[in-house]
Amino acid sequence: MQPRYKHAVRALLASILLQACLHVKAQLARITVRANEPGHSVSPMLWGIFFEDINHSADGGIYPELVRNRSFEDSMQPEHWTVVREQDVTGEASIDTRHPLNPFNRKSLRIRLEGRACIVNEGYWGMNIVAGERYNLRFAARADGFSGPVHVLIDANGKETARATFSGITSQWKWFSAELKAESGHPKGKLKIIAEGTGTLWLDMVSLMPERTWKNHGLRPDLCELLDDLKPSFMRFPGGCWVEGDDLAHMYQWKKTVGDIATREPLWNIWQYWATHGLGFHEHLQLSEDLGAEPVFCINVGMSHREVVPLDRMSQWVQDALDAIEYANGPTNTVWGGLRAMNGHPAPFRLKYIEIGNENGGPDYNVRWGMFYRAIKSRYPEIQLIANVWGGYPTNPPPDIIDEHYYSNPEFFMQQADRYDAYDRNGPKVFVGEYAVTSGCGQGNLRAAIGEAAFMTGLERNSDIVWMASYAPLFVNINHKRWNPDLINFDSSRAYGLPSYYVQQMFSLNRGDVTLPLQMDAPAIEPAPRRGRIGLGTWLTRAEFKDIRVVKDGKVLYEHDFAKGDAGWHAVSGNWTVVDGAYRQNSDAENVQAHSGSTDWDDYTYTLKARKLGGAEGFLVMFHVRDENNWTWWNLGGWGNREHAIELCTNGGKSQIGRHVPGSIEMGRWYDVKVEVKGQSIKCYLDGKLVHDVRYPTIKPLYASATRETSSDQVIIKLVNVSDKDIVSSINLAGVKKITAPVHAVVLASASPNDENSLEEPKKVSPRATQFDASGPDFRWTSPGNSVTVLRARVQF
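With positions in the sequence shown counted from 1, the corresponding number in the working numbering is that position plus 7.
Here you go:
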């Protein structure tokens, strides 16, 4: 996931905002499920989760360390520690780098004492202290001229709720620990350390961990239970952009995340906060095992966002991948398998999937992909290797699985539901590793979940080629939101799932073993009329344009001679000037645009000449321009000057219409460009040759998929009503003699598609279960407007 939106490569189909103009002509759908004609198997890996340390998902989240900046490594100031100065409390605290605890943790807190000193840590926006619970305190200390006492206490809402006292501090580093039981609780507790005496005290690795963790493996129970309730088949980790880092110095390296937490080096991560690595490689593997999920490890490919490891230094990074596999799977008599055993897990974790890089692409990625592939397959041929799709994917050698990412609005995902229906079955399997509605969704509303559910029916229907899929991101601490929306929201003591969480759960808990053919006749939705201005643009490129002409029904709507100036053109961005009768764009910036004409224009032919003057790509020819955030363009020579594609922008979010066509734009050559738009049709010609012949995608009111659970003889039907009207479905289970038990229905709906969950109303939008009798193979079901329904019918053939 990129912190910088790169909309041009976020999706492969078009997206349009149609909700305001949906018109349902009828409210009856006819559905036939051929229950006795099973198709392909449903992928056993289909529904999983993706963990990335974004939004304080780990520290301050699922990793329940209560002390923030426990190792004092965050800066040269004691960040998140407060020195109390009141009454008889004195003392000064500062960061010291002399005589460190170990070579990896080089900072400590120095406290100068002249009687009594007190420092306070409030954790990650408050420590959740629960009455009756036990907390494990541990810290390292040394002193000069001071031996104690040191009092460590837990404060719950201004009241001391637990205390431990320590003495015997010497000039050498020494560990101290205690178990503290809270007599009272508060979600915004604090840790106080009080030292009495004179001299100097040094502290390091001050840790306060709840004794009660999920399955006794050191993670926050309520958040893990929310994950467990999804029953994920896999867990991809640890990122995401977390893997790449912004530069080489901040790239993820798994070896720095295992072993003693006191020797794990904190990392300033790409989401702009310090990560302790308390949730390290081993803990990710353990969490996957505890969830019953296959671990999917995404490893750095030697590429960060801004830098690339030179090829002659790549051996270290390839070796890291091999060592990671040995750590996860190797016998205990190997170096890394032995370390795994020392860390408490002698049995192998059985890692089967490795993703090489995250959102990397181009020649640099392709050559590094080959290096990793050959090294891993030669030693571990059973490992399934996943390649990134980022302006294409590497084909030499061919990957086992490719990872596609999608972020857009609800309507885009509805249109994507049939994306894989005609997908090439001869290539690699598909992992939809990141997807979510990220615009037109509030803070994560029901409408977003509806769009995702429509898309997911297509993933399930095509799970012979779509092997895995996972929503992103997974977690957010509401006090540090760097992405919107996020599947599970939490603070120090509470958590809730979005409506999208329940969609993920409904699909995961109702998978089935085999797909069933489903035919549906549903009410139609009239497409929105297509109108708009024309425009010109570039992306990381300089170009010029001339001979602009717009014709409708043989009549000239618009014609511009730039020899007379650029009157009537609105330069949205870039550096536009008139030079020698052409409209020249001289900036190398991204997303440069200029518009002209009327927003009422429709059904026109737009012609021009265009020439590339320099830069990385080709040029952009815009049409149906409503405003700066709603338009369509033909991207010629996009994606590093390798492909042509039509892209649609809706409310600032881009996606593609149809497929990419290989092609590039030459420097200094004038091209004849023609775009014909009529109704929902788009035809694009380059130098007289038809390059694209596509239609704007349409939205259906009802999306559906069907599977069968063979062990229980149950037919499972998923229905997604994206319209605002109830739809009555007449359902026929062809080949079924009778339904032998009440049909069970689980419905996700609410009063408004804009409804959201919150900490105060965590289940405002959540599934409701019901059942009804249907003795024969034919029955009716009413899907409420903006709803997701799962029907389960036990049948006899």
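Heads up, the beta-carbon is just placed ideally off N, CA and C, and yes, glycines get one too. Nothing here was measured: the structure is a model prediction, and the numbers come from that model.
For Met83, is the classification buried or exposed, using 16 other Cβ atoms within 10 angstroms of its Cβ as the cut-off for buried?
-> exposed
Arg537 lies in the alpha helix (DSSP H); which residues open and close that run?
-> Neither: Arg537 is in no alpha helix (DSSP H) and is coded neither H nor E.
Taking Ser174 as the reference, which of Lys195, Ala202, Thr714 and Gly196 has the closest Cα?
-> Sorting Lys195, Ala202, Thr714 and Gly196 by C-alpha distance to the C-alpha of Ser174 places Ala202 at the top.
Could you tell me the distance, in whole angstroms, from the CA atom of Ala269 to the CA atom of Ala456?
-> 42 Å
Helix, strand or coil: how does DSSP classify Leu144 here?
-> strand
CB contact flag (Pro704, Ile738, <9 Å) | Against a cut-off of 9 Å, the Cβ pair of Ile738 and Pro704 comes out as no contact.
Work out the CA separation of Asn128 and Val91 for me, nearest whole Å.
-> 11 Å
Go through its chain and collect everything with a Cβ distance to Ala171's Cβ below 7 Å, but skip five positions before and after it.
-> Leu144, Val159, Ala185 and Leu187
In whole angstroms, what is the alpha-carbon distance linking Gly130 and Arg123?
-> 23 Å
CA-to-CA distance, His63 to His487, given in whole angstroms = Approximately 7 Å, taken between the alpha carbons.
Which residues bound the alpha helix (DSSP H) around Ile332?
-> Ser322 to Asn336
On the three-state DSSP scale, how would you describe Pro217?
-> In the three-state DSSP reduction, Pro217 falls in the strand class (E or B).
Taking buried to mean at least 16 other C-beta atoms within 10 Å of its own C-beta, is Ser688 buried or exposed?
-> Sixteen is the threshold: since fewer than 16 other Cβ atoms of the shown chains lie within 10 Å of the Cβ of Ser688, the residue is exposed.
Would the beta-carbon of Phe288 fall within 9 Å of that of Trp324?
-> no
Assign Asn223 to one of three DSSP states: helix, strand, or coil.
-> helix
For the segment 516 to 532 against the segment 478 to 493, are there 3 or more C-beta pairs whose distance is under 8 Å?
-> no
Classify Trp641 as helix, strand or coil using the three-state DSSP reduction.
-> In the three-state reduction of the DSSP assignment, Trp641 falls in the strand class, which pools E and B.
What is the rounded straight-line gap between the Cα of Arg219 and the Cα of Asn395?
-> 39 Å
For Val632 and Gly544, believed in contact at Cβ under 8 Å, the rounded distance = Contact doesn't hold; Cβ gap of about 10 Å is too wide.
Taking the C-alpha atoms as reference points, what is the distance between Ser295 and Arg357?
-> 11 Å
Close-in-space but distant-in-sequence residues of the same chain around Pro506 (CB under 6 Å, 5 per side omitted) | Closer than 6 Å at the Cβ level, and outside the excluded window around Pro506, lie Leu453, Ala456 and Val772.
Bridge partner(s) assigned by DSSP for His412 = Glu441
May I have the straight-line CA-CA distance separating Thr1 from Asp297, to the nearest angstrom?
-> Residue numbering for the chain in the displayed model covers 8 to 804; residue 1 lies beyond these limits and cannot be assessed.
With distances taken Cα to Cα, identify the nearest neighbour of Ile136 among Phe79, Gly204, Met216 and Asn112.
-> Nearest of Phe79, Gly204, Met216 and Asn112 to Ile136, Cα basis: Met216.
On the three-state DSSP scale, how would you describe Pro405?
-> coil
Which same chain residues, not among the five before or five after Gly804, have their C-beta less than 7 Å away from its C-beta?
-> The sequence shown places Phe at residue 804, rather than the Gly named in the question. Once the five neighbours on either side are set aside, the close Cβ partners of Phe804 are Asn43, Gly742, Val743 and Lys744.
In its own chain, which residues sit with a C-beta less than 8 Å from the C-beta of Glu59, not counting the 5 before and 5 after it?
-> Met8, Phe244, Pro245, Gly246, Gly247, Cys248, Trp249, Ala479, Pro480 and Leu481
Could you give the DSSP three-state label for Glu251: helix, strand or coil?
-> helix
Residue range of the unbroken alpha helix (DSSP H) whose run includes Lys384 = Going by DSSP, Lys384 is part of the alpha helix (DSSP H) stretching over Gly369 to Arg386.
Beta bridge counterpart(s) of Lys725 as assigned by DSSP | Ser712 and Val797
With distances taken between CB atoms, is the gap from Gly609 to His47 smaller than 9 Å?
-> In the sequence under discussion, the amino acid at residue 609 is Asp, which differs from the Gly named in the question. Not a contact, by the Cβ cut-off of 9 Å.
Local Cβ density within 10 Å of Val31, reported as buried at 16 or more and exposed below that | Below a pLDDT of 50, predicted positions are generally treated as unreliable, and Val31, at 43, falls in that range; the measurement from the model is reported next regardless. Val31 should be labelled buried.
Where Arg538 and Pro417 are concerned, what is the direct C-alpha to C-alpha distance, given to the nearest angstrom?
-> Rounded to whole angstroms, Arg538 to Pro417 spans 22 Å at the Cα level.
Roughly how many angstroms separate the alpha carbons of Val483 and Cys305, rounded to a whole number?
-> Going from the Cα of Val483 to the Cα of Cys305 covers about 21 Å.
Give every residue of the same chain whose Cβ lies closer than 7 Å to the Cβ of Glu314, excluding the five residues on either side of it in the sequence, and list them in chain order.
-> Asp254 and Leu255
With a 10 Å radius around its C-beta and 16 neighbouring C-beta atoms as the bar for buried, classify Cys28 as buried or exposed.
-> In this predicted model, Cys28 has a pLDDT of only 38, less than 50, meaning its place in the structure is not dependable; the value taken from the coordinates is given anyway. By the neighbour-count rule (16 or more Cβ atoms within 10 Å), Cys28 is not buried but exposed.
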